[in-house]
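> Residues 0 to 280 (numbering that gives the first Met the number 0) make up the first sequence, in order. Backbone N, C-alpha and C fix where the C-beta goes; we use that ideal spot for every residue, glycine too. Keep in mind the model is a prediction, meaning the values are calculated, not measured.
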Amino acid sequence: MDIIFHETETEVRTADFDLDKTFNCGQCFRWRPEEGAARSYIGVAYGRAARARQIGESVFISGGREEFESLWRDYFDLGRDYAAIRAALSVDPYMARAAEHGAGIRILRQEPWEALCTFIISQCNNIPRITQIVEALCRLFGAPVQFEGRTLYAFPAPETLAALREEDLAPLRCGYRARYIIGAARAVAEGRIDLEKLKDAPERDAVVSLKALDGVGDKVAHCAALFGLGKLNAFPVDTWMKKALESQYGGRADVSRFAPYAGIAQQYIFHYARSSARPAS
DNA sequence: GAACAGGCAACTC
DNA sequence: GAGTTGCCTGTT
């Protein structure tokens with residue numbers, strides 16, 4: 000992997016980074032395709048706005064060395080050897096195909112609160128609507144961030160949402176999830192759950208702590224652990240995964256074969272199952 | 001109108 | 001403990 004610092008952008012050159020797959024494999028909801036530009040996205044993470052665009056095997060991320068080293072290198076998980084992980088995960092023909100198909104996906108290290116909150120919103124919702132609700136949440140309650148003359152919004156802090164009432168979330172049209180969002184925000188803001196601390200806890204303990212929150216079950220807890228706490232062995236099972244596991248392993252999937260990277264295996268399977276069910280984009 | 005969408009909790013037996 | 005049902009809202 001080569002890192003090249005240009006005047007206003009940092010170039011990451013590697014065969015193992017595919018922006019389209021990384022942003023569209025369902026792990027995040029805050030990177031939007033830039034209109035009129037292919038393979039170019041604008042998003043906000045950790046309160047910083049950026050453009051990420053890809054040309055061939057080069058990904059260009061806005062910002063210089065300081066910003067790249069302090070944020071984007073970790074955010075895009077660029078220190079990890081995904082090719083070696085794919086090889087280790089290829090323990091059966093199906094998994095090998097899924098891994099091959101998902102080459103280039105990187106698990107983003109998102110803000111813990113953002114991951115928890117967006118996956119609470121995701122329950123029983125489709126992706127366009129999740130994106131819409133998350134955007135509205137940020138627009139209404141997030142801090143504005145200027146980027147190239149446009150105003151974007153950071154993900155709202157738990158403290159901000161903790162001060163709201165359920166009715167304040169009515170414009171989001173997120174239904175019964177409003178109660179869960181406020182409840183989780185208060186738990187975080189009041190220190191009843193310490194997400195930063197859970198980053199260092201064993202995955203099993205982190206999942207148990209997350210599930211103590213109202214509205215957080217197995218699936219959401221594993222998503223928050225995988226995408227927000229860096230627990231790469233967390234294995235969220237949603238309806239897509241259920242179908243894929245059922246058809247490939249007869250419902251008796253032995254996830255321990257994928258340790259310690261079951262979460263990455265999950266992303267490969269999820270992406271593979273979904274893209275073979277839809278016309279290629 | 002009914003069924004469903006990247007679940008969860010409360011309730012049943 | 002496995003299975004069922006209501007929940008907000010929007011789309012098909």
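In chain order, what residues of the same chain have a beta carbon less than 8 Å from the beta carbon of Glu-189, not counting five sequence neighbours either side?
Same-chain partners within the cutoff: Ala-161.
> Under 8 Å Cβ to Cβ from Leu-171, same chain only, skipping five residues before and after it: list those, please.
Cβ neighbours of Leu-171 beyond the five flanking positions: Ile-132, Ala-135, Leu-136, Leu-139 and Ala-177.
> Rounded to whole angstroms, what is the Cα-Cα separation between Ile-129 and Gln-26?
Those two C-alpha atoms are separated by around 12 Å.
> Out of Lys-242, Ala-264, Pro-259 and Tyr-45, which one is the CA nearest neighbour of Ala-142?
Measuring from the Cα of Ala-142, the nearest candidate turns out to be Tyr-45.
> From Arg-191 to Gly-214, what does the alpha carbon distance come to, in whole angstroms?
The straight-line gap from Cα to Cα measures roughly 16 Å.
> What would DSSP say about Ile-60, mapped onto helix, strand or coil?
Three-state result, Ile-60: strand.
> May I ask you to verify whether the region 120-128 touches the region 143-156, counting CB pairs closer than 8 Å and requiring at least 3?
No: the two stretches stay apart, fewer than three of their Cβ pairs being nearer than 8 Å.
> What span of residues does the alpha helix (DSSP H) with Ala-114 cover, start to end?
111-121 is the extent of the alpha helix (DSSP H) around Ala-114.
> Checking 8 Å against the spacing of the C-beta atoms, do Ala-205 and Leu-228 come in under that value?
Yes.
> Between the region 1-18 and the region 53-60, can you find at least three pairs of beta-carbon atoms closer than 8 Å?
Enough Cβ pairs lie closer than 8 Å, so yes.
> Straight-line CA distance for Arg-251 to Asp-91?
Going from the Cα of Arg-251 to the Cα of Asp-91 covers about 14 Å.
> Would you list the residues sitting across from Pro-259 in a DSSP beta bridge?
Pro-259 pairs with nothing; no bridge assigned.
> Report yes if the C-beta distance between Arg-105 and Thr-21 is below 8 Å; otherwise report no.
The answer is yes: Cβ separation under 8 Å.
> Give the DSSP-derived three-state secondary structure of Pro-157 in the structure shown.
Helix.
> Residues in the same chain with beta-carbon distance under 8 Å from Gly-182, minus the five sequence neighbours each way, listed in chain order, please.
Cβ neighbours of Gly-182 beyond the five flanking positions: Leu-212, Asp-213 and Gly-214.
> What is the residue span of the beta strand (DSSP E) that Leu-151 lies within?
149-152 is the span of the beta strand (DSSP E), which, as asked, contains Leu-151.
> Can you have a look at Pro-259 and say buried or exposed, based on whether 16 or more other CB atoms are within 10 angstroms of its CB?
By the 10 Å Cβ count, Pro-259 comes out exposed.
> Nearest-angstrom Cα distance between Lys-232 and Gln-266?
In the sequence as presented, Lys is not what sits at residue 232; that position holds Asn. Spanning the two alpha carbons is a distance of roughly 11 Å.
> Do Leu-168 and Ile-180 have their C-beta atoms closer together than 8 Å?
Yes; because the gap between Cβ atoms is below 8 Å, this pair is in contact.
> In angstroms, rounded to a whole number, what distance separates the CA positions of Ala-51 and Gln-247?
So the two alpha carbons sit approximately 35 Å from each other.
> Mapping DSSP to helix, strand and coil, what is Val-43?
In the structure shown, Val-43 sits in a strand (DSSP, three-state: E or B).
> Please return the same chain residues whose Cβ sits closer than 7 Å to the Cβ of Ala-224, not counting the five positions on each side in sequence.
Correct list, in chain order: Glu-202, Ala-205, Val-206, Leu-209, Lys-230 and Ala-233.
> Return the CA-CA distance between Ala-279 and Leu-244, expressed in angstroms with no decimal places.
Low per-residue confidence applies at Ala-279: pLDDT is 45, beneath 50, and the placement is therefore not dependable, though the value from the model is reported in the following sentence. Near 22 Å, if we compare the C-alpha coordinates of Leu-244 and Ala-279.
> Quick check on Ala-279: does DSSP put it in helix, strand or coil?
In this prediction, Ala-279 has a pLDDT of 45, which is less than 50 and means its spatial position is unreliable; nothing more can be read from the coordinates.
> Quickly, what does DSSP pair Gly-1 with across the bridge? List them, please.
What sits at residue 1 in the sequence shown is Asp, not Gly. Asp-1 is bridged to Arg-12.
> Could you please give me the residues that DSSP links to Val-207 through a beta bridge?
DSSP, once it has assigned bridges, lists no residue as partnering Val-207.
> Looking only at its own chain, which residues have a Cβ that is under 6 Å from the Cβ of Asp-1, when we skip the five neighbours before and after it?
For Asp-1, where only same-chain residues beyond five positions count, the Cβ hits under 6 Å are Arg-12.
> Excluding the five sequence neighbours on either side, which residues of its own chain have a C-beta within less than 6 Å of the C-beta of His-100, listed in chain order?
So the list reads Tyr-271, once near-sequence residues are dropped.
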